[in-house]
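Only one structure is covered here, and it is reproduced in the block below.
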Amino acid sequence: MSTAWRSPTILLATSLMAATACAGGDESASSTTTTSIALSTIPPTAATPTTTTTTPPPVIDPYSIPGWVAAENLLAGTTDWRIIDGPESPQRDTPLAWIEGYADTTSAHQGQTVTLFVETPAETFRAQAFRMGWYGGAQARLIWESPSVTGGLQGGYSYQSATGMAEGLWAPSLTFDITGEWPPGAYLLKLVSSGGGAHYVPLTIRHDAAAADLLFMSAVTTWQAYNPWGGCTLYQCFGRSEERADIVSFDRPYAYSYGQGAADFTTHEVPLVSFIEELGLDVAYITNIDLHREPLLASSRKTLISSGHDEYYSAAMRAALVDALAVGSNMAFFGANAIYRNIRLEPSDSGTTDRRVANYRRASDPGASDDPQTVTVDWYKEPLNRNEAEIVGIEYGCANVHADMQLVNTGNWVYEGTGATDGQILVDLVGVEFDELAGKRHTAENLEILAASPLVCGHVTYQQVTAYRSTPAGGGVFAAGTINWGCGLDGSCPGIERMEVVRGVTANVLRAFAAGPAGAAHPSVGNVAHYRRLTHQQV
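If you read the sequence shown in the numbering used here, its first letter stands for residue 15, the second for the next number, and so on.
Structure representation (structure tokens):
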């Protein structure tokens, strides 16, 4: 008996659609998954002329089929992605165990080659690629693992005293291809030395043709601004706050003290990535370097998502958001202190584009052109005069604070089904930085306040706010107003419990924003006057 030939790609897509149907709970859909797909291919027989040719079936991109994220998260996950740190961690305390490294790019497409630069005194190391998601709570799936690679020291790094910039400038250690077996997503590459040390390298895998209404953007420029590897950040040098770097480089590892090499990713972004995929919502992934290079990405999906700490924006990045709002895109800022500092992306000495982040914070910026709009000062300052509230709806307030969030206006649609009540307290959810109301000139009249939390920061009184507004083009903008928002999704931050209200609000926003222009479906009703009060008073 002859057997019908079936393309492996067709089989993969069939499995994906079956898994999607099961994940969605549609019994009628799932019952059809055992039915064979009729193909036009004629099974070979003895009577078939040898000159007959058949047209191969079309190749189906499994990630172009809606529901692919839900199907992906039905696959077996693992907790092996975690680096278990402690007082006797090999990375910290064993001289021949430590390892660190960086990649030649912050994101890659399928078909692209990625190079890792690794340093370790251990004899060998290997790299593992974990795609971050839900996966039944494991939060990751192992996608790829390298063979054993010879270790070695790289010979230090270069340091520019004039700018405070440190660069590894290391020799390549490992090159690998991003094949079709790498689903799009936010990844952690885990470097593991033969001595037991480990270190992360974040990497985003893009797939612009993926079915997705949501676009998650990693704030890699902000990660680099706070990276102390080599001695200097954009805030201090070698522990001295009176000195700081003017330029920082992507050609260096993230310090182990900074998220075990993952920077802010595991703390401020993974909780939201995991939650989005737990909900089964289709989502695509980029970094803000991608946004800088391709501004139309901001409006390529129904919603652009920013998470945690998204502070450092180039002019191209900021303009992309303004343009996206003008055509009705939604934006969700599940964090605080977004779009605060202006940066310039510069090439490395080898000519690789966008490998350095310049932020001089003074009018005498030597890299600025004759155009005063290129000066890398804070966006709200002269000569730029562009407050982040014009996009986010609210503005940066203060840092290094931990305070309770107080809910208001709980009849708003974002609170539907959460059981939230006016005056309800969410313990310690405000921090480590927060947003507040901007001045009237920068505040939309229809801005709707959802939380108003009095607090003290640096001996000054403030009021943290969470807000939503609809835009003239029909889009919606949600602003959590606290970097710790993601901590409430899973209780992963010290002292902050998992909060069902935070999960419920986040789910409501994500689902409404994935459905289309949220402002048209949920027009905001301005209530700022009721919550505007004197603030910034000494106590």
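Beta carbons are placed, not taken as given, at the ideal position from N, Cα and C, and that holds for glycine.
From 406, 133 and 429, pick the residue whose C-alpha is nearest to that of residue 493; which is it? For the purposes of this step, residue 493 is identified with residue 479 of the sequence shown, where counting begins at 1. If we check each option's Cα against that of residue 493, 406 comes out closest.
Residue range of the beta strand (DSSP E) that residue 344 falls in? As a working mapping, residue 344 is identified with position 330 in the sequence shown. Per DSSP, the unbroken beta strand (DSSP E) holding residue 344 starts and ends at 344 to 350.
Between which two residues does the beta strand (DSSP E) holding residue 238 run? The residue you call residue 238 lines up with position 224 of the sequence shown. For residue 238, no beta strand (DSSP E) encloses it; the enclosing alpha helix (DSSP H) starts and ends at 234 to 239.
Going straight from the alpha carbon of residue 97 to that of residue 365, what length do you get? In the sequence shown, residue 97 corresponds to position 83, counting from 1. In the sequence shown, residue 365 corresponds to position 351, counting from 1. Cα-Cα distance, rounded: 34 Å.
Is the stretch 370 to 383 touching the stretch 408 to 420, taking contact as three or more C-beta pairs under 8 Å? No, because fewer than three Cβ pairs between the stretch 370 to 383 and the stretch 408 to 420 fall closer than 8 Å, the two stretches do not touch.
Reference residue 314, options 395, 229, 383 and 281, closest by Cα: Translated into positions along the sequence shown, residue 314 becomes position 300. Restricting attention to 395, 229, 383 and 281, the CA atom closest to the CA of residue 314 is found in 229.
Beta-carbon gap between residue 483 and residue 458 smaller than 7 Å: As a working mapping, residue 483 is identified with position 469 in the sequence shown. As a working mapping, residue 458 is identified with position 444 in the sequence shown. The answer is yes: Cβ separation under 7 Å.
What separation, rounded to the nearest whole angstrom, lies between the Cα atoms of residue 206 and residue 358? Position 192 of the sequence shown holds residue 206. Position 344 of the sequence shown holds residue 358. Between residue 206 and residue 358, the alpha-carbon positions lie close to 34 Å from each other.
Run through DSSP, which three-state label would residue 337 get? In the sequence shown, residue 337 corresponds to position 323, counting from 1. Collapsing the DSSP output to three states places residue 337 in a helix.
With respect to the beta strand (DSSP E) encompassing residue 468, which residues constitute its N-terminal and C-terminal limits? Numbered from 1 along the sequence shown, position 454 holds the residue referred to as residue 468. 462 to 471 is the span of the beta strand (DSSP E), which, as asked, contains residue 468.
Are the beta-carbon atoms of residue 295 and residue 524 separated by less than 7 Å? Mapped onto the sequence shown, residue 295 falls at position 281. Mapped onto the sequence shown, residue 524 falls at position 510. One thing to note: residue 295 has its Cβ within 7 Å of the Cβ of residue 524.
With DSSP run on the structure shown, which of helix, strand or coil describes residue 455? Here residue 455 refers to the residue found at position 441 when the sequence shown is read from its first residue. Three-state result, residue 455: helix.
From 526, 124 and 350, residue whose alpha carbon lies closest to that of residue 447: Here residue 447 is taken as the residue at index 433 of the sequence shown, counted from 1. Closest by alpha carbon: 350.
Answer with buried or exposed for residue 234, where buried requires no fewer than 16 other C-beta atoms within 10 angstroms of its C-beta. Within the sequence shown, numbered from 1, the residue matching residue 234 stands at position 220. So residue 234 counts as buried.
Bounding residues of the alpha helix (DSSP H) (the contiguous stretch that carries residue 158): Working through the sequence shown from its first residue, we reach residue 158 at position 144. For residue 158, there is no enclosing alpha helix (DSSP H); the enclosing beta strand (DSSP E) covers residues 154 to 159.
Residue range of the alpha helix (DSSP H) that includes residue 306: The residue given as residue 306 occupies position 292 in the sequence shown. Per DSSP, residue 306 is one residue of the alpha helix (DSSP H) stretching across 302 to 307.
With burial defined as no fewer than 16 other Cβ atoms inside 10 Å of the residue's Cβ, what is the status of residue 473: buried or exposed? Residue mapping note: residue 473 aligns to position 459 of the sequence shown, counting from 1. Around the beta-carbon of residue 473, fewer than 16 other beta-carbon atoms lie within 10 Å, marking it exposed.
If you draw a straight line from the C-alpha of residue 441 to the C-alpha of residue 516, how long is it? Position 427 of the sequence shown holds residue 441. Position 502 of the sequence shown holds residue 516. Using only the alpha carbons, I get a separation of about 12 Å.
Assuming residue 441 is part of the beta strand (DSSP E), what are its boundary residues? What you label residue 441 is simply residue 427 of the sequence shown in a count that begins at 1. Boundaries of the beta strand (DSSP E) harbouring residue 441: 439 to 444, taken from the DSSP string.
Checking 7 Å against the spacing of the C-beta atoms, do residue 179 and residue 277 come in under that value? Within the sequence shown, residue 179 is the residue found at index 165, counting from 1. Within the sequence shown, residue 277 is the residue found at index 263, counting from 1. No, the Cβ-Cβ distance between residue 179 and residue 277 is not below 7 Å.
Anticipated Cβ contact below 8 Å, residue 167 with residue 197, distance rounded: Mapped onto the sequence shown, residue 167 falls at position 153. Mapped onto the sequence shown, residue 197 falls at position 183. 35 Å between Cβ atoms; not a contact.
Rounded distance between the beta-carbons of residue 356 and residue 391, thought under 8 Å: Locating residue 391 in the sequence shown gives position 377, where the first residue counts as 1. Locating residue 356 in the sequence shown gives position 342, where the first residue counts as 1. Yes, they are in contact, since the Cβ atoms of residue 391 and residue 356 sit about 6 Å apart, within 8 Å.
On a CA-only basis, which of 81, 527 and 478 is nearest residue 421? Give me that one, please. Counting from one through the sequence shown, the residue named residue 421 turns up at place 407. Measuring from the Cα of residue 421, the nearest candidate turns out to be 478.
Below 8 Å CB to CB, which residues in the same chain sit around residue 339 once its five sequence neighbours on both sides are set aside? Taking the sequence shown and counting its residues from 1, the one referred to as residue 339 is at position 325. Hits under 8 Å: 345, 405, 485, 487, 489 and 491.
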